[in-house]
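Numbering (the working numbering), first residue to last: 22 to 580.
Glycine residues also receive a C-beta, built at the ideal position from the N, C-alpha and C atoms.
Notes follow the structure.
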Ligand code: ADP
Ligand code: MG
């Protein structure tokens with residue numbers, strides 16, 4: 022037996038199935054496949070418990086393909102899946118694995134599509150039916166015999182089906198299938214509702230449980246941030262200001278991205294380097310050694326280039342680009358939290374990548390909480406804290422060496438101690454912005470997304486959320502005589518347009534139609550006001566508070 026075909030070939034499956042599986046690029050059966058396939062082939066009922074992404078589909082699809090009689094053109098296997106999407110996925114997988122078995126027909130049965138063609142496909146000789154329970158029951162009501170030839174029943178993602186309220190439908194389906202059938206149930210979790218179904222409808226089931234390998238991620242504090250693709254570098258720069266990291270690895274997808282981000286970081290004064298597949302092995306080792314001993318603090322890497330990288334100093338992993346699959350996510354974040362230390366993993370998510378985030382959450386069995394980009398105030402606080410920390414050891418002893426010089430300078434310059442200290446601070450901080458207005462000017466706020474609720478609604482209507490967001494970011498044309506004003510209060514402060522309108526009407530003494538459009542964003546809001554008398558209006562509103570916070574409305578110039 023050769024190395025490449027070892028695993029699957031040893032499983033006693035029809036060679037046509039093994040060939041198709043190898044042709045799809047699988048090299049070895051996964052753990053759940055290794056254990057389930059012999060049990061199902063032997064005809065036992067089975068309960069399989071394993072996380073998403075462990076390869077459950079092939080675990081039941083391969084032995085079922087092995088068992089069906091292709092010459093009989095009637096339903097022999099029924100797979101139940103919780104959603105239309107999963108049903109289609111499973112049906113497609115069956116087709117892939119059956120590529121070298123002529124005569125196998127698979128039909129997917131789900132709601133939202135006409136029933137007629139589905140029923141015809143079943144009657145026309147599909148041996149494998151993949152269905153959502155609700156729609157299948159509709160078919161049963163039209164034709165109660167439709168499942169009478171089924172010998173193999175699979176409940177895929179049983180816990181999800183129960184969560185979606187399919188309990189009663191499942192009972193109807195169980196009753197419509199011959200009692201002599203073989204039943205297999207897969208589920209990520211086994212709550213008592215599932216165990217009771219198994220007790221009533223499975224016969225002496227064998228249990229297969231695959232321990233999730235991804236539990237190591239629990240020691241790592243994980244969060245995600247929603248950003249637009251073109252805002253990733255400013256977002257990373259801003260996050261770095263407030264994250265207290267020792268060493269950090271940032272993951273991106275392309276060589277070019279390693280270079281771009283590393284350059285942006287170096288320009289900000291970070292000790293950063295790129296690590297990608299173009300970098301020679303000896304240079305690569307130098308980069309890793311530098312990260313180990315502190316000559317570098319940040320490495321920007323692709324997955325391939327970071328393979329095997331083990332640096333205990335790493336406190337943070339930034340997933341600047343989304344990993345290709347959940348496994349590489351787990352792999353990436355495993356670079357931190359080594360040797361029992363605390364680790365932190367941040368994931369930047371663009372609108373179109375939201376689904377991948379859900380997949381990661383399902384595979385790791387953990388929620389990756391949503392975090393916000395730090396605002397200007399947080400950046401300022403972090404900068405002042407760093408400055409304070411860097412001065413603390415000096416104030417204890419610098420007076421002895423530099424006290425006399427200070428006296429002489431105040432004397433020579435004829436200035437106060439405060440004036441001289443301020444001059445020294447400005448020099449020492451190299452022109453870094455250290456007041457709120459300056460920080461706000463220096464880092465234009467990265468527009469964030471609408472709150473979750475609104476987002477979901479839009480995506481449920483089938484619109485591409487990113488398109489909408491891009492449009493909304495383009496400045497809207499202003500009406501004649503109006504200017505745009507900005508406040509740092511936004512949705513995250515609990516502000517709605519009507520609060521702003523009310524405050525400005527009441528305290529500013531304006532007529533309703535003098536106020537133009539009000540746009541409430543997550544971390545700021547824009548209000549269109551008459552240019553005429555603006556100074557006066559803004560000074561009237563100087564102390565106005567909305568939702569308990571200072572409004573601080575300012576003219577907003579977009580260039
Ligand atoms: P689950 O149902 O457990 O969530 P899937 O059956 O959907 O997992 O498989 C997850 C992914 O792993 C799919 O892309 C599938 O093609 C792939 N896969 C399954 N088995 C193997 C294998 N033995 N080798 C490589 N990839 C596999
Ligand atoms: Mg599955």
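Exercise. Please report how far the alpha carbon of residue 159 lies from the alpha carbon of residue 169, in whole angstroms.
Key: Residue 159 and residue 169: Cα-Cα distance of roughly 15 Å.
Quiz item: Assuming residue 153 contacts residue 131 under a Cβ cut-off of 8 Å, what Cβ separation, rounded to an integer in Å, is found between them?
Solution: 5 Å
Practice problem: Would you decide whether residue 279 is buried or exposed? Buried here means 16 or more other CB atoms lie within 10 Å of its CB. | Solution: Buried, because 16 or more other Cβ atoms sit within 10 Å of the Cβ of residue 279.
Quiz item: Near residue 176, which residues of its chain fall below 6 Å by C-beta distance, leaving aside the five closest residues on each side in sequence?
Solution: 101 and 206, listed in sequence order.
Self-check item: Which of helix, strand or coil DSSP assigns to residue 50
Solution: coil
Quiz item: So, using beta-carbon positions, are residue 660 and residue 316 closer together than 7 Å?
Solution: Outside the shown range of the chain, which is 22 to 580, sits residue 660, and nothing can be said about it.
Self-check item: Alpha-carbon spacing of residue 323 relative to residue 552, whole angstroms
Solution: Looking at the two C-alpha atoms, the distance is approximately 51 Å.
Exercise. Identify whether residue 59 lies in helix, strand or coil by the three-state DSSP scheme.
Key: helix
Quiz item: Is it the case that the CB of residue 84 approaches a heavy atom of ligand 1 more closely than 6 Å?
Solution: no
Quiz item: Would the beta-carbon of residue 53 fall within 7 Å of that of residue 231?
Solution: yes
Quiz item: Enumerated in chain order, which unbroken segments of the beta strand (DSSP E) with a length of 3 residues or greater are wholly contained in the region 129-179?
Solution: The region 129-179 is shown to contain whole beta strand (DSSP E) runs of 3 or more residues at 149-152 and 173-176, in chain order.
Quiz prompt | Opening and closing residue of the beta strand (DSSP E) in which residue 338 lies | solution = 335-340
Exercise. Please go through the same chain and pick out, in chain order, the residues whose beta-carbon is closer than 8 Å to the beta-carbon of residue 403, but skip the five residues on each side of it.
Key: 262, 263 and 395
Self-check item: Closer than 6 Å: residue 230 CB and nearest ligand 2 heavy atom
Solution: The nearest non-hydrogen atom of ligand 2 is 6 Å or more from the C-beta of residue 230.
Quiz prompt | Simplified DSSP assignment, three categories, for residue 550 | solution = strand
Practice problem: Under the assumption that residue 174 contacts residue 149 (Cβ atoms under 8 Å), give the Cβ distance between them as a whole number of angstroms. | Solution: No, residue 174 and residue 149 are not in contact; Cβ-Cβ is about 12 Å, not under 8 Å.
Self-check item: As assigned by DSSP and simplified to three states, the class of residue 328
Solution: Three-state result, residue 328: coil.
Quiz prompt | Extent of the continuous alpha helix (DSSP H) run through residue 252 | solution = Where residue 252 is concerned, there is no enclosing alpha helix (DSSP H), given that its DSSP letter is neither H nor E.
Exercise. Keeping to the same chain, check which residues put their C-beta closer than 6 Å to that of residue 528; ignore five residues upstream and five downstream.
Key: 562 and 565
Exercise. Compute every distance between the C-beta of residue 50 and the non-hydrogen atoms of ligand 1, then say whether any falls below 6 Å.
Key: yes
Quiz item: If you count every other CB in all the chains shown that lies within 10 Å of the CB of residue 353, and 16 or more means buried, which is it?
Solution: buried
Exercise. Could you pull out every residue in the same chain whose Cβ sits closer than 6 Å to the Cβ of residue 297, ignoring the five residues on either side in sequence?
Key: 276, 279, 323 and 326
Quiz item: residue 242 and residue 365: beta carbons closer than 7 Å?
Solution: yes
Exercise. Answer yes or no: do residue 505 and residue 555 have a C-beta to C-beta separation smaller than 7 Å?
Key: no
Quiz item: Going straight from the alpha carbon of residue 164 to that of residue 201, what length do you get?
Solution: 21 Å
Quiz item: In terms of alpha-carbon separation, which member of 210, 567 and 47 lies closest to residue 384?
Solution: 210
Self-check item: Cut-off 8 Å between Cβ atoms - residues of its own chain near residue 536, not counting five sequence neighbours on either side
Solution: 522, 525, 526, 548, 549 and 550
Exercise. Using the Cα positions of residue 272 and residue 340, report the straight-line distance between them to the nearest angstrom.
Key: 5 Å
Quiz prompt | Backbone CA spacing between residue 180 and residue 192 [nearest angstrom] | solution = 15 Å
Self-check item: Cβ-based neighbour list, residue 229, same chain, cut-off 6 Å, excluding 5 preceding and 5 following
Solution: 56, 57 and 69
Quiz item: So, are the CB atoms of residue 171 and residue 124 less than 7 Å apart?
Solution: no
Quiz item: To which residues of the same chain is residue 457 closer than 7 Å at the C-beta, ignoring the five residues directly before and after it?
Solution: 397, 398 and 401
Practice problem: Check whether the region 105-112 touches the region 137-147, taking contact to mean three or more Cβ pairs, one atom from each stretch, closer than 8 Å. | Solution: no
Quiz item: Would a C-beta distance cut-off of 7 Å place residue 248 and residue 369 closer than the cut-off?
Solution: yes
Practice problem: For residue 208, count neighbouring C-beta atoms within 10 Å of its own C-beta (all shown protein chains included) and say buried if the count is 16 or more, exposed if not. | Solution: buried
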